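Chains as they are written, first to last, in our numbering: chain A, 509 to 708; chain B, 1155 to 1401; chain C, 344 to 439; chain D, 735 to 1309.
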Amino acid sequence: MSDAAEIRFISKPHPITGVTNSKLGVWCFLASEVMLFGGLFSAYILLRIGATEWPHGSTILNVPLATLNTMILIVSSVTMVMSWASLALKNFSKYRFYMAITILLGIAFLVVKSFEYAHKFEHHHYPSTNNFYGIYFTLTGLHGLHVIGGIFLNLYLLLPGSKLWKTNPEQFMGRVEAAGLYWHFVDLVWIFLFPTLYLL
Amino acid sequence: MTQNYYGWGLPIDISTHGAGIDKLIWIVHIAMVLLFVGWLLFFVYTLIRFRERPNHKAEHHGKHFKLPTYVEILVAAFEVFLLLAFAMPLWNQAKNQMPPDDKALHIRVIAQQFAWNIHYPGKDGIFGKTSPNLMDSSNPVGLDSSDAAAKDDVVTINQLNIPVNTPVIVKLSSKDVIHSFTLPVMRVKQDVIPGQSIPVWFQATQTGDFEIACAQLCGLGHYRMRGFFNVQTQEDFNKWLQEQAPK
Amino acid sequence: MSDHLSPEEVKKHVTIYVRVFMALAALTIITVAISYLHLPILAAVGVALLIASFKGSLVAAYFMHLAQEKKIILYPLILVFFFFIVLLIIPTLSRF
Amino acid sequence: MSDHSHKELPFWRKYIFSVDHKVIGIQYAVTGLLFLFFGFCLVMLIRWQLAYPGQELPFIGSWFPETQMIGGIMLPEFYYQLGAMHGTIMVFLGVVPLAVGGFGNYVVPLQIGAPDMAFPKLNMMSYWLYFIGGVLMLASFFVPGGSAQSGWTSYPPLSVIAAGGQTWWLIGMAFLINSSLLGSVNFIVTIIQLRAPGLSFNRLPFYVWAQFVTALLLLLAFPPLMAAAVLQLMDRLAGTSFFIPTGLVVNDAITHFVGGGNPILWQHLFWFLAHPEVYVLILPAMGIVAEIIACNTRKPLYGYKALVYSVCFVGFMSFVVWAHHMFLTNMGTTMSTFFQITTMIISIPSIVILTSLILSLWGGSIRFNTPMLFAIAFLPMFAIGGLTGLPLGLAAADIHLHDTYYVIGHFHYVVAPGTIFALFAGVYHWFPKATGRKMSEFLGKLHFFPSLVLMNCIFTPMLIMGLAGALRRMYDPTQYAHAQAVQPLNVFISISAFCLALAQIPFIINFFYSIFWGKKVDDNPWQATTLEWATPTPPPHGNFLKAPEVYRGPYEYSVPGQKKDFWPQDMKGAN
Chain A
509 MSDAAEIRFI
519 SKPHPITGVT
529 NSKLGVWCFL
539 ASEVMLFGGL
549 FSAYILLRIG
559 ATEWPHGSTI
569 LNVPLATLNT
579 MILIVSSVTM
589 VMSWASLALK
599 NFSKYRFYMA
609 ITILLGIAFL
619 VVKSFEYAHK
629 FEHHHYPSTN
639 NFYGIYFTLT
649 GLHGLHVIGG
659 IFLNLYLLLP
669 GSKLWKTNPE
679 QFMGRVEAAG
689 LYWHFVDLVW
699 IFLFPTLYLL
Chain B
1155 MTQNYYGWGL
1165 PIDISTHGAG
1175 IDKLIWIVHI
1185 AMVLLFVGWL
1195 LFFVYTLIRF
1205 RERPNHKAEH
1215 HGKHFKLPTY
1225 VEILVAAFEV
1235 FLLLAFAMPL
1245 WNQAKNQMPP
1255 DDKALHIRVI
1265 AQQFAWNIHY
1275 PGKDGIFGKT
1285 SPNLMDSSNP
1295 VGLDSSDAAA
1305 KDDVVTINQL
1315 NIPVNTPVIV
1325 KLSSKDVIHS
1335 FTLPVMRVKQ
1345 DVIPGQSIPV
1355 WFQATQTGDF
1365 EIACAQLCGL
1375 GHYRMRGFFN
1385 VQTQEDFNKW
1395 LQEQAPK
Chain C
344 MSDHLSPEEV
354 KKHVTIYVRV
364 FMALAALTII
374 TVAISYLHLP
384 ILAAVGVALL
394 IASFKGSLVA
404 AYFMHLAQEK
414 KIILYPLILV
424 FFFFIVLLII
434 PTLSRF
Chain D
735 MSDHSHKELP
745 FWRKYIFSVD
755 HKVIGIQYAV
765 TGLLFLFFGF
775 CLVMLIRWQL
785 AYPGQELPFI
795 GSWFPETQMI
805 GGIMLPEFYY
815 QLGAMHGTIM
825 VFLGVVPLAV
835 GGFGNYVVPL
845 QIGAPDMAFP
855 KLNMMSYWLY
865 FIGGVLMLAS
875 FFVPGGSAQS
885 GWTSYPPLSV
895 IAAGGQTWWL
905 IGMAFLINSS
915 LLGSVNFIVT
925 IIQLRAPGLS
935 FNRLPFYVWA
945 QFVTALLLLL
955 AFPPLMAAAV
965 LQLMDRLAGT
975 SFFIPTGLVV
985 NDAITHFVGG
995 GNPILWQHLF
1005 WFLAHPEVYV
1015 LILPAMGIVA
1025 EIIACNTRKP
1035 LYGYKALVYS
1045 VCFVGFMSFV
1055 VWAHHMFLTN
1065 MGTTMSTFFQ
1075 ITTMIISIPS
1085 IVILTSLILS
1095 LWGGSIRFNT
1105 PMLFAIAFLP
1115 MFAIGGLTGL
1125 PLGLAAADIH
1135 LHDTYYVIGH
1145 FHYVVAPGTI
1155 FALFAGVYHW
1165 FPKATGRKMS
1175 EFLGKLHFFP
1185 SLVLMNCIFT
1195 PMLIMGLAGA
1205 LRRMYDPTQY
1215 AHAQAVQPLN
1225 VFISISAFCL
1235 ALAQIPFIIN
1245 FFYSIFWGKK
1255 VDDNPWQATT
1265 LEWATPTPPP
1275 HGNFLKAPEV
1285 YRGPYEYSVP
1295 GQKKDFWPQD
1305 MKGAN
């Protein structure tokens, strides 16, 4: 078949825009995500300034545990970007190592989070208890779903998806970079969630 | 009898502030019709003149028109005029120029699915304390009977009576969902939002029997959330309030 | 960003990543520490959001490579940033 | 990347789980048309009740279960379900999928000379998410308590305390939102990255511009509704109080909600989506109309640049006008002034677009074929829709007109004789490309003229009713004295609506007849210039036999000194 049927700029960047399709696509997706969390942050602010009393996050949430979780996510962001850099250095085994660490850190984040949730439920603190818990569970829950999604994405790139490295390394690097952008965004959201919910 | 009040045009206006709103609606509509008819004539003329026919060819380099630019500027200027001359002053009048508290009759309206509870402060002019915990079918506004100010309060259901030529301030609140307090003849419409107390004011210029409507979908009975709105002379109103007062 | 980096450039990047990581870790500790000072609410919000924004910009600029990104990506993000601000203004609307 | 072995693909890969943008486009279009038809059926039930409240529905009344109709007489529950679902289905499942998913998918890659969308698999996923969302919405009619019944706007607290179908509505919306998210990412990337060589942004057909802006609106406006939907789901399922204020008393009993929430938050987030959504409905329609007008006047569009700037400006402004739907929610003077001004500002580019389109007719040689008839009828209909928005955008006039039939008449003029006419125009215009056969002109005209008359018979009386103060969403419109005076209009509207349904029969016959027996045509039956006509008909997988190159703007019709009156974008040298 002629090249007329080929979708261009999958692995090589567009000469004028300078980006690949997947990169532009991921950024569009992240733009949309910004608006999603923007809507929720907006809800948070409205509920908080409308509330007669609003608990200080640190008095009822576990700040040390959340600090640990922040660190976990930051480290995972570093390992994620390192896995991409390893690919840039054509070091595939190092890539697998860093990617595996990223996934493990993601899981660690969820484990810590589940301890926090369990602790709250033990004390009969549910989303319906008050609007603080409501927005806390909604925001962290939605963020947790994003982490789960990211873990599955990374697992795909670690295991079955990594076959692409042999046939089209450029495209594979593009995919890892795209997954990285998403993962960093999840980290970025947490960077804002952490002080808003736990420290203020 | 109602035939006198309502027809195919705007309903009768018996408020002191409604004339401005009506004038705005008419001016906008006259301008709209003029603009549209002019536009339509041009449109039809163009369609006929430039129809496909033998020996007629389309021009690649079309004529450049100046008129549309002027029309657009005119429309923009007209919109600015509407905003400055009508929309903004009228809104300001509705929101910020409440009649002075001591001159006005104060009424609370508490909406619920699917009725309007009207709460008059009674002779003392002070509303009794209310609480959601006390609300039931016999005490729709949750009046606290232990409060002295509540003793002479008058509560009616779906019956809003006001004296003519007296400014009235209605504080709107809702027990359950969002309703919209509508007095078509009074050019009053205001969403009633649970958790808020929203004031509206109006003053009637003639007596008569009208209605309260709910304009915001509030549940299955939304269509029958109709109340009666009677504008009476001051004497009739006083007499009526007396009759309603708790014995 | 991903197009044809020489090994030296990548290594330079890696040093930047490590530095950014240290900055993020330090800032996390600082923001937690400040929260124990129990500043007045407005100051606390200001400081916490300032630190969070700074951390966020670090992540976006270096991990997400925005610092060297192409214009085609930056322009829409500016638009999004504007709409994001509009969204955050919503809660104050009912006050005016 | 692209699958070269498409010949051996099994049926289900080729036509059901296809990744080909044309198949997906047709899937979207057919599903969208079916939903439009279904939404129209819902509204005819409503129209019966409005014209003849409390009277038995003839012929089919007894088919409905007792939860919906008793002895053929509609229950309020069912009436409000119909109302909410009519709106939802028409907007989210009918018009947008047809305009964006259908025409966008089919035409945009062809018009920019691309072999497919940038992400074909995401494209397929987008369709199937939409399909699941649609199935959930339909299924919600059969859950206990029926479907959503709090209006398509789903204002809390009513929607939070409403029956079970509301949860299905919210979950269905979540699917639709994610579907349009995938779709819009795909459109943006495709249009930016995959344009044929030479097809710069100022040579882009106006339709592609309109789709581009639409995709941006979908991308950025939908997420806040997603956030709102998540919050409302939490309110309904987890018992939170995001939209529930303190001290809610329903049916004389205190509710289990702790309170502290704010019902207006939903309205802000909802209208933050729903106002741009209006432009999502109208911009692709304008694009279709522009394409068809340029082609059938045999001359370039008037003021192409002004059109493009206007469409971008409208898109941008649509994000800052949303609160003009909320003037009556106790808005102060500052905010109302701000939103009135932005609303007036956004009317200007709309006038510019309309003016440019009508001036495009001047100096042309107008062919009155069926697509052109629908396209030019769009102009006055949209003009009425736009003009009637003016009094609603002025807060003071809105006091009287808010939530009356005036609003219904206004936005239906924009979307029904407006957008839907443009969509019909698109169906007639691009049908030969998709099937290789033309639709019948006779049946097309038999479809057009009655539809045009009846549409106006339906929506003009609504404006009169609205001025008289008749309120919307009334199960029994005769309850109020002020609405009784205009009740005869309700009867007239309903009869017109039933006739409008009959007037669609020629279209249905035409559609199916022409697929099999329509007049066979060549690749470029309208003698148009844009790239979609440069492919074989119907286009094969991969679209173009040879990657096209573009040498000129999109509307080079009747160029002096040329042999033919159209000069295709991809033609090297003179013709």
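Think of the CB as a built atom: it goes at the ideal place given N, C-alpha and C, for glycine as much as any other residue.
The structure presented is a predicted model; accordingly, all values stated were derived computationally and were not measured.
DSSP state of VAL1309 (chain B) mapped onto helix, strand, coil | Residue state for VAL1309 (chain B) is assigned as strand, using DSSP reduced to three classes.
Okay, do the stretch 918–937 of chain D and the stretch 847–865 of chain D touch, 3+ Cβ pairs below 8 angstroms being the bar?
-> Output reads yes: the stretch 847–865 of chain D touches the stretch 918–937 of chain D.
What residues from the stretch 349–360 of chain C come within 7 angstroms of chain A, judged by C-beta to C-beta, listed N to C?
-> Going along the stretch 349–360 of chain C in chain order, one finds PRO350, VAL353, HIS356, VAL357, TYR360 with a Cβ nearer than 7 angstroms to chain A.
Compute the Euclidean distance between the alpha carbons of ALA1399 (chain B) and LEU1259 (chain B), then round it to the nearest angstrom.
-> Cα-Cα distance, rounded: 16 angstroms.
Answer yes or no: do ALA961 (chain D) and LEU910 (chain D) have a C-beta to C-beta separation smaller than 8 angstroms?
-> No, these two residues do not count as a Cβ contact at 8 angstroms.
Residues of the stretch 896–927 of chain D with a CB closer than 7 angstroms to any CB of chain C: list them in chain order, please.
-> Taking 7 angstroms as the Cβ-Cβ cut-off against chain C, the residues of the stretch 896–927 of chain D that qualify are ILE926.
Quick one: Cα of LEU1041 (chain D) to Cα of ILE1092 (chain D), how far?
-> When the Cα atoms are used, LEU1041 (chain D) and ILE1092 (chain D) turn out to be separated by approximately 12 angstroms.
Starting from SER349 (chain C) and walking both ways along the beta strand (DSSP E), at which residues does that stretch end?
-> Going by DSSP, SER349 (chain C) is part of no beta strand (DSSP E) at all; its letter is neither H nor E.
Please confirm if MET543 (chain A) has its CB atom under 8 angstroms from at least one CB of chain C.
-> Yes - at least one Cβ of chain C is within 8 angstroms of the one on MET543 (chain A).
Which value, in whole angstroms, describes the spacing of the CA atoms of LYS1393 (chain B) and GLN1251 (chain B)?
-> Distance between the alpha carbons of LYS1393 (chain B) and GLN1251 (chain B) is about 30 angstroms.
Just how far apart, CA to CA, sit LEU1095 (chain D) and ALA1130 (chain D)?
-> Roughly 37 angstroms separates the two Cα atoms.
Which stretch, first to last residue, makes up the alpha helix (DSSP H) that contains PRO1105 (chain D)?
-> That run of the alpha helix (DSSP H) goes 1104–1121.
Using DSSP bridges, identify the partner residues of ASN676 (chain A).
-> ASN676 (chain A) is not bridged to any residue.
Rounded distance between the beta-carbons of PHE1240 (chain B) and LEU1188 (chain B), thought under 8 angstroms | So it is not a contact: roughly 18 angstroms between Cβ atoms.
Give a yes or no on whether the minimum CB-CB distance between ASP1256 (chain B) and chain D is below 8 angstroms.
-> Output row for ASP1256 (chain B): interface = no.
Which of helix, strand or coil does DSSP assign to SER1292 (chain D)?
-> Under the three-state reduction of DSSP output, SER1292 (chain D) falls in the coil class, being neither helix nor strand.
Output, in chain order, the set of chain D residues within a Cβ distance shorter than 9 angstroms of ILE1316 (chain B).
-> For ILE1316 (chain B), no chain D residue has a Cβ inside 9 angstroms of its Cβ, as the nearest lies near 18 angstroms away.
Exposed or buried, what is ASP1141 (chain B) when buried is set at 16 or more other beta-carbons lying within 10 Å of its beta-carbon?
-> Residue 1141 (chain B) lies beyond the stretch modelled for chain B, which goes from 1155 to 1401, so this question has no answer here.
Mind checking which residues open and close the alpha helix (DSSP H) that includes LEU573 (chain A)?
-> Start and end: 571–596.
Is the stretch 1008–1015 of chain D close to the stretch 1050–1059 of chain D, with three or more CB pairs under 8 angstroms?
-> The stretch 1008–1015 of chain D makes contact with the stretch 1050–1059 of chain D, as at least three CB pairs between them are under 8 angstroms.
Could you say if the stretch 1348–1357 of chain B and the stretch 1193–1201 of chain D meet the contact criterion of at least three C-beta pairs nearer than 8 angstroms?
-> No contact exists between the stretch 1348–1357 of chain B and the stretch 1193–1201 of chain D.
Does DSSP put LEU1205 (chain D) in a helix, in a strand, or in coil?
-> The DSSP-derived three-state label of LEU1205 (chain D) is strand.
Give the DSSP-derived three-state secondary structure of PRO1125 (chain D) in the structure shown.
-> Three-state DSSP puts PRO1125 (chain D) in a helix.
What's the gap between the Cα of ILE1324 (chain B) and the Cα of VAL1354 (chain B)?
-> Note that residue 1324 (chain B) corresponds to Val in the displayed sequence, not to Ile. Whole-angstrom Cα-Cα distance: 5 angstroms.
Do the stretch 1284–1302 of chain B and the stretch 347–364 of chain C make contact, defined as three or more Cβ pairs closer than 8 angstroms?
-> Result no; under three Cβ-Cβ pairs closer than 8 angstroms.
Span separating the alpha-carbon of SER530 (chain A) from that of PRO1243 (chain B) = Straight across, the Cα-Cα distance linking SER530 (chain A) with PRO1243 (chain B) is about 53 angstroms.
Per DSSP, MET803 (chain D) forms a beta bridge with which residues?
-> Answer by DSSP bridge pairing, in chain order: D:MET808.
ASN996 (chain D) to LEU422 (chain C), Cα distance in whole Å?
-> LEU422 (chain C) has its alpha-carbon roughly 28 angstroms from the corresponding atom of ASN996 (chain D).
What is the DSSP secondary structure of TRP1162 (chain B), counted as helix, strand or coil?
-> Of the three classes helix, strand and coil, the one that applies to TRP1162 (chain B) here is coil, per DSSP.
Based on the DSSP secondary-structure assignment, which residues constitute the bridge partners of CYS1368 (chain B)?
-> Bridge partners of CYS1368 (chain B): B:PHE1335.
Assigned secondary structure, ILE1168 (chain B) (DSSP; H/G/I helix, E/B strand, else coil) | In this structure, DSSP gives ILE1168 (chain B) a state outside helix and strand, which the three-state scheme calls coil.
Distance between GLN1357 (chain B) and PHE1050 (chain D) (C-alpha atoms, nearest Å) | Here the alpha carbons of GLN1357 (chain B) and PHE1050 (chain D) stand approximately 42 angstroms from one another.
Along chain C, in chain order, which residues have C-beta atoms closer than 7 angstroms to that of SER566 (chain A)?
-> Under the 7 angstroms cutoff, chain C gives SER378.
Beta-carbon contacts of TYR1274 (chain B) that lie in its chain and below 7 angstroms, excluding the five residues immediately before and after | Same-chain partners within the cutoff: ILE1261, ASP1307, VAL1308, LEU1395.
Counting Cβ pairs closer than 8 angstroms, one from the stretch 516–528 of chain A and one from the stretch 672–682 of chain A, do we hit at least three?
-> The answer is yes - the stretch 672–682 of chain A touches the stretch 516–528 of chain A, with three or more Cβ pairs under 8 angstroms.
Under 8 angstroms between C-beta atoms of MET819 (chain D) and LEU779 (chain D) | No. Outside cutoff.
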